[in-house]
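Number of protein chains: 2
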Amino acid sequence: MKTDKLERLQAAGWKVGSAEDFLQLSEEEARLVALKLSLSSAVKKSRIKRKLSQIDLAQRMKSSQSRIAKIEAGDPSVSLDLIVRALIASGATTRDIQAAFTVNERMAD
Amino acid sequence: MKTDKLERLQAAGWKVGSAEDFLQLSEEEARLVALKLSLSSAVKKSRIKRKLSQIDLAQRMKSSQSRIAKIEAGDPSVSLDLIVRALIASGATTRDIQAAFTVNERMAD
DNA sequence: TTAGTATATGTCGATATTGACATATACACA
DNA sequence: TGTGTATATGTCAATATCGACATATACTAA
Chain Z
8 MKTDKLERLQ AAGWKVGSAE DFLQLSEEEA RLVALKLSLS SAVKKSRIKR
58 KLSQIDLAQR MKSSQSRIAK IEAGDPSVSL DLIVRALIAS GATTRDIQAA
108 FTVNERMAD
Chain Y
8 MKTDKLERLQ AAGWKVGSAE DFLQLSEEEA RLVALKLSLS SAVKKSRIKR
58 KLSQIDLAQR MKSSQSRIAK IEAGDPSVSL DLIVRALIAS GATTRDIQAA
108 FTVNERMAD
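Chains Z and Y, in that order, give the protein sequences.
In our numbering, each number is its position in the first sequence, counted from 1, plus 7.
In our numbering, each number is its position in the second sequence, counted from 1, plus 7.
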């Protein structure tokens, strides 16, 4: 279980270092990472739903296609601010954002 | 109404410039600002509820008392990441965070 | 094949955000 | 009065994150 989660995070590009380092990740940090990953996939879902390309979304929020790709890939260099800005710009409702938090709760363990 | 909101934001330290600038704030940016303010007050509420001082919370999340004060004051220099980290460290549940989003929806207009 | 479109990945100089620190303010209590 | 505790505010060097750009990959269609 822990191992699965580690692999998922590494696959998403998170530098978690050794398994020991990961297991020492505080509960709080793990929750934040899970939250960001959940919101990241919500961005992709919302963008696709509105039939927007990454370039379309980038223009809407005055960012760049490569940034949108990094947001959706769960790149660790992306801030929560940018993720939420993308969610909003993609047309997600407050309810959509709340739903992403709920997914996070399920994924938290 | 718009004027009231402008005053609230300015009181919280947001550099919104002239009233015209504020009125040109895109709907998206306004939503993000309102969201951050809502989460900021949720931090204070959660911290008080657990009877933590700002110093206590700062130690829990390896930040500083002055940063906590700025979070709670809605200082524009504070990132969404830091606000959510504070919320989590203060003991807020996922449900608490969702509730803050709901408040945001009401405040959005 | 070639061309067009969408997405992914790596880099970098510019900008935003950080913790730490000093210091001010406010309030309670002796 | 002074002393202690909690919070607010301003600054700054270090670090994190940004948009932009180049380029790679993948898939369609001519």
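Here a beta-carbon is modelled for each residue, glycine too, at the ideal position from N, C-alpha and C.
Roughly how many angstroms lie between the CA atoms of residue i and residue j, to the nearest whole one?
i	j	result
Leu44 of chain Y	Lys52 of chain Y	13 Å
Ala99 of chain Y	Arg67 of chain Z	33 Å
Ile75 of chain Z	Lys58 of chain Z	15 Å
Val50 of chain Z	Ala49 of chain Y	24 Å
Ala96 of chain Z	Glu35 of chain Y	6 Å
Ala37 of chain Y	Asp63 of chain Y	32 Å
Thr109 of chain Y	Phe108 of chain Z	12 Å
Asp28 of chain Y	Asp88 of chain Z	Bear in mind that the predicted position of Asp28 of chain Y carries a pLDDT of just 42, short of 50, making it unreliable; the figure below should be weighed with that in mind. So the alpha carbons of these two residues sit roughly 21 Å apart.
Ser33 of chain Y	Arg92 of chain Z	12 Å
Ser70 of chain Y	Ala65 of chain Z	33 Å
Thr101 of chain Z	Lys56 of chain Y	26 Å
Using C-beta distances below 8 Å, list every residue in its chain close to residue i, excluding the 5 sequence neighbours before and after it, in chain order.
i	result
Asp103 of chain Y	Ala49, Ser53, Leu94
Ile90 of chain Y	Lys43, Leu46, Ser47, Val50, Ile78
Excluding five sequence neighbours on each side, which residues of the same chain lie with their C-beta closer than 7 Å to the C-beta of residue i?
i	result
Glu79 of chain Y	Ser47, Val50, Lys51
Gln61 of chain Y	Gln72, Ile75, Ala76
Using CA coordinates, which residue listed in the options is at the minimum distance from residue i?
i	options	result
Leu39 of chain Y	Y:Pro83, Y:Ser70, Y:Asp63	Y:Pro83
Can you list the residues of chain Y that residue i reaches, using a CB-CB cut of under 7 Å?
i	result
Ile104 of chain Z	Phe108
Leaving out five residues before and five after residue i in sequence, what residues of the same chain have Cβ atoms less than 6 Å from its Cβ?
i	result
Val85 of chain Z	Lys77, Ile78
- Which residues, taken in chain order from the region 76 to 101 of chain Z, show a beta carbon closer than 7 Å to some beta carbon of chain Y? Ser86, Leu87, Asp88, Val91, Arg92, Ile95, Ala96, Thr101
- Task: Can you give me, in chain order, the residues of the region 38 to 50 of chain Z that have a beta carbon less than 9 Å from any beta carbon in chain Y?
- Result: Arg38, Leu39, Leu42, Lys43
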